[in-house]
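According to numbering that gives the first Met the number 0, the stretch in the sequence shown is residues 0 to 286, in order. In this text, a Cβ means the ideal position worked out from N, Cα and C, and glycines have one as well. Note that the structure is predicted; figures quoted are calculated from it, not measured. Let me begin by presenting the structure, written as structure tokens, before commenting on it.
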Amino acid sequence: MSGDTEYAQEFVDVDGGRVGVQVYPEPDGPAGAPMVVIWPAMGVRARYYRPFAAALRAAGLAVVVVDLRGTGTSTPAPSRADRHGYSELAADVGAVLAALKPRLDGRTRLLLGHSLGGQAALLHLALHGGDAVDGLALVAVGLPYWRSYPGRRGFGVLPYTQGIAATAALLGVWPGWGFGGRQARGVIRDWAYTARTGRFPRLDGTDTEAAVRAVRTPVLAVSVDDDQYTPHESMDHLCAKLTAAPLTRERYTVAQAGAALDHFTWVRAGIPLAQRVARFAGGLPRR
0 MSGDTEYAQE
10 FVDVDGGRVG
20 VQVYPEPDGP
30 AGAPMVVIWP
40 AMGVRARYYR
50 PFAAALRAAG
60 LAVVVVDLRG
70 TGTSTPAPSR
80 ADRHGYSELA
90 ADVGAVLAAL
100 KPRLDGRTRL
110 LLGHSLGGQA
120 ALLHLALHGG
130 DAVDGLALVA
140 VGLPYWRSYP
150 GRRGFGVLPY
160 TQGIAATAAL
170 LGVWPGWGFG
180 GRQARGVIRD
190 WAYTARTGRF
200 PRLDGTDTEA
210 AVRAVRTPVL
220 AVSVDDDQYT
230 PHESMDHLCA
240 KLTAAPLTRE
250 RYTVAQAGAA
260 LDHFTWVRAG
270 IPLAQRVARF
280 AGGLPRR
């Protein structure tokens, strides 16, 4: 896939800022194709997903890609004055779905989250309900719980994640030194909590762990070979929380992709994965 398909740049107003939304042209074929809304990884701009968006469109899906709050075209940029965390990221999912409603009506709709974007999508379903969503695809998503990493890797993950959190708390913002791009300290605080405890933090007074266990939206969970940040075991840890959701757990392998893979490069070697997502979307109940 060349990944050079043009998209229309739109914006959704949230909390005095705006969330950038990239709407790709409808795919070839019958009208009303299932729509996939992609939520990126921490610090990754929406435009990075252009090759995967092209692969999804070729597989017959309509595609929208969102810039997470404070990243890419979304504003405001993280600063000491910006304290948003996981609660706001989850709420942004609902705001975007509401703005897309005229395009979503009558068709199957799927959230697809990568890394932090997958956590935000799942937390939206847990905290705000899944009536507007028919399926959730998680790609390279997990909790960075230090005990879930294989071998001795976890002994490095714990001080690394907590050191980033301490720096963000001290400076009032994470500057993005070597990891994750510039981030609000609330995002880093919540992310570091999951790394330390293996649990989601309470959000808006809600027992988020219990809310996640109650999610009933069908889930396709795909971990990626050679993922340096989210190894297969970290996704297994997250999937164990989805006790009520119909869950399909798979691995995307180097052999399937026909290319080297890691936490980010699967996006550029994602044709087989896009076809798998299309089959998942096609198997969801129609509206």
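At least 3 beta-carbon pairs within less than 8 angstroms: the segment 11-22 vs the segment 84-101:
yes
With residue 287 and residue 192 assumed to form a contact (beta carbons below 8 angstroms), what rounded beta-carbon distance in angstroms separates them?
Any answer about residue 287 is impossible in this case: the structure gives the chain only from 0 up to 286.
Go through its chain and collect everything with a Cβ distance to residue 0's Cβ below 6 angstroms, but skip five positions before and after it.
Since pLDDT at residue 0 reaches only 39, below the 50 mark, its modelled position is unreliable, and the value read off the structure follows with that caveat. For residue 0, where only same-chain residues beyond five positions count, the Cβ hits under 6 angstroms are 50, 53 and 54.
Ends of the alpha helix (DSSP H) at residue 95?
85-103
Beta-carbon within less than 6 angstroms of residue 247's beta-carbon, same chain only, minus the 5 sequence neighbours each way: which residues are those?
219
Quick test of the definition: if touching needs 3 or more C-beta pairs under 8 angstroms, does the segment 233-242 touch the segment 271-278?
no
Residue 262 - containing beta strand (DSSP E), residue span:
Careful: residue 262 lies outside any beta strand (DSSP E) and carries neither H nor E.
Among 162, 46 and 156, which has the Cα closest to the Cα of residue 71?
46
Terminal residues of the continuous alpha helix (DSSP H) containing residue 233?
231-238
For residue 2 and residue 228, what's the separation of their Cα atoms in angstroms?
Since pLDDT at residue 2 reaches only 45, below the 50 mark, its modelled position is unreliable, and no value is offered.
Which full runs of the beta strand (DSSP E) of 3+ residues lie inside the segment 32-76, going along the chain?
34-38 and 61-65
What are the uninterrupted segments assigned as alpha helix (DSSP H) that are 4 or more residues long and contained completely in the segment 131-186, given in chain order?
153-170
Beta bridge counterpart(s) of residue 12 as assigned by DSSP
17
For residue 107, report the span of its beta strand (DSSP E) as first-last.
Counting along the chain, residue 107 falls outside any beta strand (DSSP E), and DSSP gives it neither H nor E.
If you draw a straight line from the alpha carbon of residue 133 to that of residue 157, how long is it in whole angstroms?
35 angstroms
Could you give the first and the last residue of the continuous beta strand (DSSP E) run that contains residue 220?
218-223
Relative to the C-alpha of residue 233, which residue among 103, 257, 258 and 262 is closest?
262
Which same chain residues, not among the five before or five after residue 172, have their C-beta less than 8 angstroms away from its C-beta?
77, 78, 79, 81, 181, 182, 183 and 184
Residue 245 to residue 129, Cα distance in whole Å?
13 angstroms
Determine the contact status of residue 33 and residue 107, defining contact as a CB-CB distance below 7 angstroms.
yes
Cβ atoms of residue 11 and residue 35: under 7 angstroms apart, would you say?
no
Taking Cβ to Cβ, would you say residue 112 is nearer than 7 angstroms to residue 137?
yes
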